[in-house]
Amino acid sequence: MEHHFLELAHPTIQHLKPYLPGKPINELRRELGISNIIKLASNENPLGASKKAIEGAMDALHEIALYPDANGYELKHKLSEHLHVSVDELTLGNGSDSLFTLIAHAFVPKGKEVIVSQHAFIAFAITAHVVEAALVKVPAQDFGHDLARMAANITKDTRLIFIANPNNPTGTWVTHQELQTFLEQIPKHVFVVLDEAYYEFMDQPDYPRSLQLQKRFPNLIITRTFSKVYGLASLRVGYAIAHPEITDILNRIRNPFNVSSPGLKAATFALDDQDFVEKTLQNNQQGMHFLRKEFDAMGISYLPPTANFITIDVGQHALALYDALLQLGVIVRPIHNYEMPQYLRITIGLPEQNQRLIESLKSAIVKV
Ligand SMILES: *Cc1c(COP(=O)(O)O)cnc(C)c1O
């Protein structure tokens, strides 16, 4: 019997397509019955997580019968020291993804406008749909955010602008000066969310000093995560840095137990292990260098890479090549849902994984 439950769902949800995650290793194993699979599809940390962070999570397992600390006291204090921001400027989220929705629920009434860039991280568009906002997608410039054009698209109904810096999957980023010029043009009642998920990977001297900008522009909200450089993607811990008044509002609507005890403790301990971060950055830099050299030699072009991934242009065969790589046990990320059907996004792995990717790519390319 047909139930037509979809007709009962919120009108916006009826048209919502689910987020397409990177294919999990176990799923490919079930489908193909092969082992020795590598996944370079979700910008996860190939070194795993810090031993200290894992110890923290294990420690917290002894207390899983208890609800987690709803205020995240220890993690917020550790973050406060680490970042030199005050505790009342910090909001913890179940991954930084959940903070986007929280911010939109707080500040974007139904029917108002949310501005994003073409090719921007897709969670932003999903967030806009969930709160029944109108999504204004501004054409990209060289695949990146065209900030001048985004500012020019502000209307009396605009409430929120998302900027991923760098953006995933394009790796594009805006400089301190560009961001400052942009913020100077934004009306005070329009919120700007600056998604810095890859903050720790960015060592360019003109990368925005966003905490300074946030002091000057209180409508700026910065989000960061423990999912990438800290390797805690599965524990779901992200945070927002914002004006105390904004933070207070976010905390009023936040699910009080939105971060688990293992997540809180692992993240707290992870901040104490900057050696692990250093090792991650080193592996990433070497891997990036290796992959660029190999792609250059193969005549494969790519967008100027940043952070821990590289987005290659493989022509009209991206999905076929993706499938051919899957057959060889190598999972990468097709990005047709980002209006980039010719491209594949590849996470920098361990040296042997990068090597395997290149070998697999060479044998897959001749088949498609
Ligand atoms: C990975 C990623 C995130 C982080 O998501 P979490 O929910 O914190 O795991 C946020 N923004 C971008 C652009 C990302 O690539």
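Following my numbering, the numbering of the sequence shown begins with 526 at its first residue and continues without gaps. We put the CB at the ideal spot given by N, CA and C, even for glycine.
Worksheet item: Should the segment 637-650 be regarded as contacting the segment 752-764, the criterion being three or more beta carbon pairs within less than 8 Å?
Response: no
Worksheet item: When you compare only the Cα positions, how much space is there between residue 744 and residue 542?
Response: 30 Å
Practice prompt. Starting from the C-beta of residue 841, find all residues in its chain whose C-beta is less than 8 Å away, skip the five residues before and the five after it, and write them out in chain order.
Written response: 866, 867
Discussion item. As a quick check of your reading: which residues have a C-beta less than 5 Å from at least one non-hydrogen atom of ligand 1, in chain order?
Written reply: 620, 621, 622, 646, 689, 693, 720, 722, 750, 752, 763
Fill in: residue 656 versus residue 789 - alpha carbon distance
28 Å
Discussion item. Restricting to Cα atoms, I'd like to know which of 718, 540, 551, 566 is closest to residue 847.
Written reply: 566
Item to complete: For my contact list, residue 631 and residue 719 are in at a C-beta cut-off of 8 Å; report their separation, rounded to the angstrom.
Response: Incorrect: roughly 16 Å between the Cβ atoms, too far for contact.
Item to complete: Tell me whether residue 879 is buried or exposed, calling it buried when 16 or more other Cβ atoms sit within 10 Å of its Cβ.
Response: buried
Fill in: Span of the beta strand (DSSP E) around residue 662
659-663
Item to complete: Just grab the DSSP bridge partners of residue 766 for me.
Response: 615, 747
Practice prompt. Measure the CB-CB distance between residue 795 and residue 629 and report whether it falls below 8 Å.
Written response: no
Item to complete: Give a yes or no on contact between the segment 850-866 and the segment 686-703, applying the rule of three or more CB pairs nearer than 8 Å.
Response: yes
Discussion item. On a Cα-Cα basis, can you pick out the residue from 890, 683, 704, 820 that is closest to residue 673?
Written reply: 704
Worksheet item: DSSP state of residue 620, grouped into three classes?
Response: coil
Item to complete: Using 7 Å as the cut-off, classify the Cβ of residue 726 as near or not near the heavy atoms of ligand 2, replying yes or no.
Response: This structure lacks ligand 2; the ligands present are ligand 1.
Fill in: Exposure label - residue 571; buried when at least 16 CB within 10 Å
buried
Item to complete: State whether the segment 581-594 contacts the segment 781-788, with contact taken as three or more CB pairs (one from each stretch) at a distance under 8 Å.
Response: yes
Worksheet item: What residues match up with residue 858 in a beta bridge as DSSP calls it?
Response: 870
Discussion item. Tell me which residues share the same chain as residue 635 and place their Cβ nearer than 6 Å to its Cβ, disregarding the 5 neighbours each side in the sequence.
Written reply: 657
Worksheet item: Taking DSSP as the reference, what is the three-state secondary structure of residue 732?
Response: coil
Fill in: Alpha-carbon spacing of residue 830 relative to residue 836, whole angstroms
7 Å
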